[in-house]
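First comes the structure, then the notes that go with it.
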Amino acid sequence: MKAIVHAGMSGLKGLIYKDVIDKQPGFDEVKVRLKTAGLNHRDLFLMADRTNEDAPLIMGSDGAGRIEAVGEGVTHLTVGTDVIIYPCLGWGVIHDVPTVPAIVGGPSDGTFAESIIIPAQNAFSKPNYLTWEEAGVLPLSALTAYRALFTRGRLKQGEHILIPGIGGGVATYAMLMASAVGARVSVTSRSETKRQAALAHGADHAFDSHSDWKKSMKGETVDLILDSIGPATFQQYFDIIKPNGRIVTFGASSGDRMEIAIRSIFYPQISIIGTSMGSSEEFIAMLQFMELHSIRPIIDSVYPLQDTLQAFQRMQQGEQSGNIGIRID
Numbered sequence: 001m002k003a004i005v006h007a008g009m010s011g012l013k014g015l016i017y018k019d020v021i022d023k024q025p026g027f028d029e030v031k032v033r034l035k036t037a038g039l040n041h042r043d044l045f046l047m048a049d050r051t052n053e054d055a056p057l058i059m060g061s062d063g064a065g066r067i068e069a070v071g072e073g074v075t076h077l078t079v080g081t082d083v084i085i086y087p088c089l090g091w092g093v094i095h096d097v098p099t100v101p102a103i104v105g106g107p108s109d110g111t112f113a114e115s116i117i118i119p120a121q122n123a124f125s126k127p128n129y130l131t132w133e134e135a136g137v138l139p140l141s142a143l144t145a146y147r148a149l150f151t152r153g154r155l156k157q158g159e160h161i162l163i164p165g166i167g168g169g170v171a172t173y174a175m176l177m178a179s180a181v182g183a184r185v186s187v188t189s190r191s192e193t194k195r196q197a198a199l200a201h202g203a204d205h206a207f208d209s210h211s212d213w214k215k216s217m218k219g220e221t222v223d224l225i226l227d228s229i230g231p232a233t234f235q236q237y238f239d240i241i242k243p244n245g246r247i248v249t250f251g252a253s254s255g256d257r258m259e260i261a262i263r264s265i266f267y268p269q270i271s272i273i274g275t276s277m278g279s280s281e282e283f284i285a286m287l288q289f290m291e292l293h294s295i296r297p298i299i300d301s302v303y304p305l306q307d308t309l310q311a312f313q314r315m316q317q318g319e320q321s322g323n324i325g326i327r328i329d
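When the letters of the sequence shown are read in order and numbered with full-length UniProt numbering, they come out as residues 1 to 329.
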């Protein structure tokens, strides 16, 4: 079968479109013939850290398709069932958090291929209201946003949330979900195009990331900040967060290390909360939430499998607004 494999060198230069051996499912596994897949920034970080000493890896954590074969012991799924893939491996219960979640597309082979073998418990019925392209880009970003907002961030109706760096998958899902529960949503971006797109999709307020945040917020403060940026913006959060506010962080696109004035945390009693991905319980809840509120992914663009490199180049340049998909079948 055809697949996008990363091998030989770090970064995007290690991506190869090639033939790989087509396998069959083992005990308690299913084989999914993939129709669509989706890109994540995680893929870029993973490729940047890999070297020529690492074994070849099929990239991709998001995907949807049709069950092509079932292994011994699988009774609840049948050949021909349309499924969406839960990407985290072995994380069933919300509060039973692994140290580092194992995930499809690293360490195990991923979804940028014509088919994939996954544990049967990682295959869930595809929501009927979603197209194949929408289902293929949904899993990891929407799951991360859902856990960050509701499990960790405890967002409630009427609260005010700030989402810096709007445009990527997680931030976009978070904006849609927060609006759906009746929160007030503010976003930032360096791009006027992305700010206008956010306003068109339900954000209440959008301002330039490089502006004076206190002035741009016009005296308003927020209950919750969803951070994926890290040191480049983190210090500004304390200018616009309410006492007893929460900062939920799930990324570090501007670096891993920073200095924080500790008094800015303990005097106003700010909570800084980490999160990453989510459990299968949350995946089910997220799918139900999306369908209840008729939330559909915002798709930036869709590329054929053989053009996955060009898709990643678009993501790397920060050009996308929403999810970038891969069409496989």
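Even for Gly, the Cβ is constructed at its ideal location relative to N, Cα and C.
Query raised in the report: Can you name the residues that DSSP bridges to residue 249?
Result: 227, 274
Query - Straight-line gap, residue 120 to residue 72 (C-alpha atoms, nearest Å) - result: 10 Å
Query raised in the report: Around the Cβ of residue 258, are there at least 16 other Cβ atoms within 10 angstroms (buried) or fewer (exposed)?
Result: exposed
**Report entry** Whether residue 168 touches residue 112 by CB criterion (8 Å)
**Finding:** no
Requested in this report: Could you tell me the distance, in whole angstroms, from the CA atom of residue 287 to the CA atom of residue 132?
Outcome: 15 Å
Query - Proximity below 8 Å, CB of residue 174 to CB of residue 149 - result: yes
Query raised in the report: DSSP state of residue 141, grouped into three classes?
Result: helix
**Report entry** With 16 other Cβ atoms within 10 Å as the buried cut-off, status of residue 39
**Finding:** buried
Query raised in the report: Per DSSP, which one or two residues make a beta bridge with residue 293?
Result: BP columns for residue 293 are empty, so no partner.
Query raised in the report: Identify the residues that DSSP records as bridge partners of residue 334: which are they?
Result: This structure cannot speak to residue 334, because the chain is shown only from 1 to 329.
Query raised in the report: Taking the C-alpha atoms as reference points, what is the distance between residue 46 and residue 109?
Result: 13 Å
Report task. With distances taken Cα to Cα, identify the nearest neighbour of residue 80 among 124, 5, 307. Result -> 124
Query raised in the report: Closest by CA to residue 185, which one among 191, 270, 162?
Result: 162
Requested in this report: Given a cut-off of 8 Å, decide if residue 83 and residue 102 are closer than it, judged by their beta-carbon atoms.
Outcome: no
Query - residue 9 burial status per 10 Å Cβ neighbour count (16 or more: buried) - result: exposed
Query raised in the report: Taking DSSP as the reference, what is the three-state secondary structure of residue 41?
Result: helix
Requested in this report: Count the C-beta pairs between the segment 294 to 307 and the segment 318 to 325 that are closer than 8 Å, then say yes if the count reaches three, no if not.
Outcome: yes
Query - Residue of 86, 129, 78, 24 minimising C-alpha distance to residue 37 - result: 86
Query raised in the report: At which residues does the alpha helix (DSSP H) containing residue 263 begin and terminate?
Result: 263 to 266
Query raised in the report: Quick one: Cα of residue 235 to Cα of residue 206, how far?
Result: 19 Å
Query raised in the report: If residue 35 sits next to residue 117, beta carbons under 8 Å apart, how far is it from one beta carbon to the other, in whole angstroms?
Result: Not confirmed; about 16 Å, so no contact.
Report task. Go ahead and pull the three-state DSSP assignment for residue 300. Result -> strand
Query - Segment limits, alpha helix (DSSP H) that includes residue 173 - result: 169 to 180
Report task. Would you identify the three-state DSSP class for residue 194, choosing helix, strand or coil? Result -> helix
Query raised in the report: For the beta strand (DSSP E) that residue 207 lies in, which residues bound it at each end?
Result: 205 to 208
**Report entry** Selected residue, minimal CA-CA separation from residue 328, among 312, 307, 52, 156
**Finding:** 307
Report task. On the DSSP bridge assignment, give the partners of residue 34 in chain order. Result -> 65
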